[in-house]
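The structure appears right after this line, and notes come after that.
Protein chains: 2
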Amino acid sequence: MPKSLLILQPEGKRLKVGVGKTILDIAQEAGVDIQSVCAGKGICGKCRVVVRAGSEYLSQASRVERVVFSDDELEKGYRLACRAIIGKSGTITVEVPPESRAGLQRLLVSGVETRVEFEPAVRKYMVEVRRPTLEEPRSDMDRLLDALSRRREIRIERICLGALRRAPHAVRSAEPNVTITVWNNKEVISVEAGNKQTKLYGFAVDVGTTKLAGYLVDLDLGTIVAAVSSTNPQIPYGEDVISRMSFIMKDLKGLSQLQTLIIKEVDKLILEACKHAHVTPDQVHEVTVVGNSAMHHIFFGIYPGYVALAPYPTVLRDPIDVKASELGVDINPCGNIHGLPLIAGFVGADAVADILATQMYALDDIAMMIDIGTNTEIVIGDKNKLTACSCASGPAFEGAHIKNGMRAATGAIERVYIDPDTFQVGYETVDNAKPSGVCGSGVVDAVAEMLMRRIIDSSGRIKTELGLPNIRVKDRIPELVLAGASETGSGNEIVITQEDIRQIQLAKAAIYSGISILMRRLGISAGDISKIFLAGAFGTYVDPQSARVIGMYPDIPLSRVQFVGNAAGSGARMALMSIEMRRKADEISKKVDYIELGADPNFQNDFLNATYLPHKNIDLFPSVRRLLQN
Amino acid sequence: MPKSLLILQPEGKRLKVGVGKTILDIAQEAGVDIQSVCAGKGICGKCRVVVRAGSEYLSQASRVERVVFSDDELEKGYRLACRAIIGKSGTITVEVPPESRAGLQRLLVSGVETRVEFEPAVRKYMVEVRRPTLEEPRSDMDRLLDALSRRREIRIERICLGALRRAPHAVRSAEPNVTITVWNNKEVISVEAGNKQTKLYGFAVDVGTTKLAGYLVDLDLGTIVAAVSSTNPQIPYGEDVISRMSFIMKDLKGLSQLQTLIIKEVDKLILEACKHAHVTPDQVHEVTVVGNSAMHHIFFGIYPGYVALAPYPTVLRDPIDVKASELGVDINPCGNIHGLPLIAGFVGADAVADILATQMYALDDIAMMIDIGTNTEIVIGDKNKLTACSCASGPAFEGAHIKNGMRAATGAIERVYIDPDTFQVGYETVDNAKPSGVCGSGVVDAVAEMLMRRIIDSSGRIKTELGLPNIRVKDRIPELVLAGASETGSGNEIVITQEDIRQIQLAKAAIYSGISILMRRLGISAGDISKIFLAGAFGTYVDPQSARVIGMYPDIPLSRVQFVGNAAGSGARMALMSIEMRRKADEISKKVDYIELGADPNFQNDFLNATYLPHKNIDLFPSVRRLLQN
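Just so you know, the protein sequences line up as chains A and B, in that order. Here my numbering runs 164 ahead of the position in the first sequence, where the first position is 1. Here my numbering runs 164 ahead of the position in the second sequence, where the first position is 1.
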């Protein structure tokens, strides 16, 4: 029987396959990860692949594919893996894009990897130090710096007291070898006996309102040696930044209380990462920190109260460098804590880091970055101009204020589809555990599916009059049952209520109206956007098609949507590894135009129009209109 | 009866006086302070004055004056006030030089006042800060620094975290006025509401092994507003630097123990000075610190152990700037603690400050600076070259290791003379209290007087065989009784023993041999020295004639000897008031040649020769030879 050769990229897996099988079948047999929520029924549209070569050996695009994909995408070779059948013998090359990966998406939380020139702010130099003599009884530091100046063009302006205090012992313990650590080519921050050049580490941390993510980086080699994360311990003082700021505004000691909590948590993360990599925290010489403006201010002990009040000014926009000992961060006491710069009260260092990580500041074409969280930052622009705004999208996408909402933890329903014929609900859960709730991406899927199946109308109203099997009214509120009591871990049903749908509508309207205002100010339309970067944990898990169906972002081909995961963390790492990136961050923070949405006269109108699914003006979403028409 | 007009300078007192009275009588009647230990008997030679005009209206120089003064001095108008009698009517102008003042000398402890261009490192600027708007919601610091940049050519590189933390409140409390304190034109160290320009203070402190002296300076006006002093609380851990260093070398916690003691003491001094001047310590924005290398290192918490070991290298020679909060000094937490630079292990920041204060770095002619203490620093040179050494002169000049020795406190015999005819001993005490001991200047006076009266020979031996009334042998040791039991406060006699004389011989020999070696290296002799600056408390109280008689320093006219008091403290103040002086100090610390006496082949020989009174080679001391011949 004649065989075809199927090459799956980017893995480069080469498979000899018979005619008649679908790409999805073959990939799954070979252990290549492709999402498929509907189990190959051609319904969920999630098993998107791109045929790079040999499309003539595959079956023609099916009707469902012609609906799911735009002409542009079809032309580029987009197929649903469950509908593309090997038709003839030949060599076929297929790429599985990141958005079609189930597992990979989770990995992406560690953020996009952008190559930067490796040029950390801290460097170690091994020098040989001459002994003092009676004729020339020079000071320890004079002899050290002399040795250093012979080796490099370094201009020392300061010596950290902690390093100075170690110097007399260091110069005498392993004569004549001494290792000097220099920060920013101008400050001595450590003096050690012997050759310690390879013991140089840094830590990059993204302090999110909800979650902290940290990366221990070997600053000698430029490699990540450990990644750690934890929950923000400030959560008991308020789930969102506004409530934490209120707490601080009400209580004189609130600021130092919340600061202490977060510093201790970062210390824990550093210790955990160090243990993992068999490194002592004393070998960590720098920490880069990103976070929204409130988290940033609290971390550095700066009063964030005025950030919460119009016109929402930050105390500081510039990057900030503080000695570890001054902040009480448990690394080398002379180590530096570098806070990346901010843009505005609600577009913080995390957004700067997002921009760094996506490198949209260098793109020729217009790109859009959406970092979805309780507060969603949006940046649009190219190498010439970047404009940002912030939307109060609320915590619905993180599962809060959703009846059975939860974070994307084990047991959370993260994928939902509804059979167009039977209206039966199918779902996937995190870690394939028994469902215990529904996370943001699950709710978005559910709303999108309900819209596609015409269970809800464009106003979001559940059509109870249809009498569908999973739709009911409980306590006067219509709802869709996702999982019955028998299926769940707790024995309680998991539902999506009319109110949940409203929450999602408000949240996505907040984002889309922000995008609308930015685009109008810039005079651009969806067609001008060459790329959308989706950042943040939710932005990583959400199905881009579902997000587009509900109208969260402009209707552009999904191939232009790129998941960048925890881009803020990536940006923090880039700043840790490259002083050029810090200069770039500073430039970005000064250059980005900030637009205060509340001050825009169209804001209310834009917001109201955007509460419709996908939008009051369906013409803005041609691909959704096409889907709804089919 | 015809009257003369006597003008006493520098007071400018104009006195109508009759013929026949001595200048001393007239001055004492008029309350002008002139020393006179022998009460006008023409013996002690301490009432030296300089006749500036009208010498023709005075009696001719007496025989005793022709002995006391060199030809050079006589030509310049030097007289003993007790021997200069108004002979005719006329206008006579007489200057009372500092060394003839009893009271003034004590005042001189505050140090020489050298005018410096007032240019402190900390400056305050009052700016008007614009409110943020929705259209331009700029950060507090952006608005502050903008306002600052409009006013001056300041380039801010850093913002102290403490200042940053105060900023949000400061910009909103007294809108639009904010006062920004800038350090070194590059760091914001304070942000205050309203106009606080006049609230700017600094503190200069000389950390001596025995004594601390501090000066609170108004850095807005450039005036000293309080002077304070106290005893070094480290004394229980060793009277001299060597024993304190030994303590630290033996005990791991010794360094931090001694550091804490000294920092707390400085805090106390600052608080005391602030209370006196009605200033809060928070308004103190900078502290300059001088001290010998050991005191300097301990103050900054730097291990001084190796300073005690050959070749005696310091850890640091450069000036050092540390945040007050980092050292725990209780001033404004963002305030700077500036340690002046050092020269060598035993020529510290105090010597640099001495050089600054005397301005010998700028002199055309060769000058010598002697800062007498347990350790005596000697610097010789001019604007082209400065050379320094350090002598272990020991604590004898401070009254230690002297049988009835004490510090120059109330009741200390500080002036001694011996009647050449009766050999009766006369003395003066500090505060004219009943004598309770003898301080360094008293012992030096006693030894000089004994030499002049030929009670001791040039080897220092007391000639008991003369059978003089106040000379006796007790417990086999010859001694001179200064004060009988009936005269003293305690009822105990006060004596100068043979051993005391030996101590003084060793101490002065240490100094003179150091001077000899420096002069030989530089190829100069006594005649080349245009000026000797005597610094330090002892250097202020000692009678320059007595010091010259015993051979402590080269035989040059006393008119060339200048008391500069606590010059180290003066230098610290100058560095506080002028960044130009800091640059100069840095230059000095790099430029001064340090000579290690122990490495000089002539050291032992020079030392032995110098133990003689005034010297084994009497030709080196022509003025003393002349006195002895008379």
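Positions of the beta carbon are idealized from the N, C-alpha and C atoms, including for glycine.
Take residue i and list the residues in its own chain whose beta-carbon comes closer than 7 angstroms to its own, dropping the five residues that flank it on each side.
i, result
"B:R178", "L169, I171"
"A:A573", "V594"
"A:F785", "G715, D719, P778, H779"
Less than 8 angstroms between CB atoms is the rule here; does residue i satisfy it with respect to chain B?
i, result
"A:D306", "yes"
"A:D482", "yes"
"A:L298", "yes"
"A:Y470", "yes"
"A:E490", "yes"
"A:A513", "no"
"A:E760", "yes"
"A:Y591", "no"
Which value, in whole angstroms, describes the spacing of the CA atoms of residue i and residue j?
i, j, result
"B:F587", "B:Q192", "26 angstroms"
"B:T395", "B:I566", "20 angstroms"
"B:A458", "B:L473", "12 angstroms"
"A:I759", "A:L686", "11 angstroms"
"B:A699", "A:L308", "34 angstroms"
"A:G402", "A:F411", "8 angstroms"
"B:K547", "B:V280", "17 angstroms"
"A:T795", "B:I519", "As shown, chain A starts at 165 and ends at 794. That puts residue 795 of chain A outside it, with no answer to give."
"B:I426", "B:L419", "11 angstroms"
"A:V728", "A:E429", "25 angstroms"
"A:K180", "A:Y242", "22 angstroms"
"B:C438", "B:L682", "43 angstroms"
"B:A391", "A:R737", "53 angstroms"
Can you check whether the C-beta of residue i is within less than 8 angstroms of a C-beta belonging to chain A?
i, result
"B:P340", "no"
"B:L325", "yes"
"B:R408", "no"
"B:I466", "yes"
"B:R302", "yes"
Could you check what DSSP says for residue i in three-state terms: helix, strand or coil?
i, result
"B:N769", "helix"
"A:R408", "helix"
"A:I427", "helix"
"B:G703", "helix"
"B:I501", "strand"
"B:V213", "strand"
"A:C555", "strand"
"B:P642", "strand"
"B:Q793", "helix"
"A:T628", "helix"
"A:I542", "strand"
"A:L730", "Contrary to the premise, residue 730 of chain A reads as Asn rather than Leu in this sequence. The answer is coil: DSSP assigns A:N730 none of H, G, I, E or B."
"B:V713", "helix"
Take residue i and list the residues in its own chain whose beta-carbon comes closer than 6 angstroms to its own, dropping the five residues that flank it on each side.
i, result
"A:T362", "D384"
"B:C555", "T540, A674, I675, G678"
"A:T255", "L169, G218"
Could you pull out every residue in the same chain whose Cβ sits closer than 8 angstroms to the Cβ of residue i, ignoring the five residues on either side in sequence?
i, result
"A:P261", "R212, V213, V214, S723"
"B:D783", "R789"
"B:R617", "I582, P584, F587"
"A:K252", "S168, V183, E220, Y221"
Three Cβ pairs or more, each shorter than 8 angstroms: is that satisfied between the segment 628-638 of chain A and the segment 674-683 of chain A?
No, because fewer than three Cβ pairs between the segment 628-638 of chain A and the segment 674-683 of chain A fall closer than 8 angstroms, the two stretches do not touch.
Report yes or no: do three or more beta-carbon pairs, one from the segment 659-676 of chain B and one from the segment 774-787 of chain B, lie closer than 8 angstroms?
These segments touch.
Are there three or more Cβ pairs, one per stretch, closer than 8 angstroms when the segment 557-569 of chain A is compared with the segment 537-547 of chain A?
Output reads yes: the segment 537-547 of chain A touches the segment 557-569 of chain A.
Given 8 angstroms as the limit, is there contact between the segment 278-292 of chain B and the segment 345-364 of chain B, that is, 3 or more CB pairs closer than that?
Cβ pair count under 8 angstroms is three or more, so yes.
Taking 8 angstroms as the cut-off, does the segment 334-344 of chain A touch the segment 502-520 of chain B (at least 3 CB pairs, one atom from each stretch)?
Put simply, the segment 502-520 of chain B does not touch the segment 334-344 of chain A. Fewer than three CB pairs are less than 8 angstroms apart.
Would you call the segment 438-458 of chain B in contact with the segment 367-385 of chain B, where contact means no fewer than 3 C-beta pairs closer than 8 angstroms?
By the C-beta criterion, the segment 438-458 of chain B is judged to be in contact with the segment 367-385 of chain B, since at least 3 inter-stretch pairs fall below 8 angstroms.
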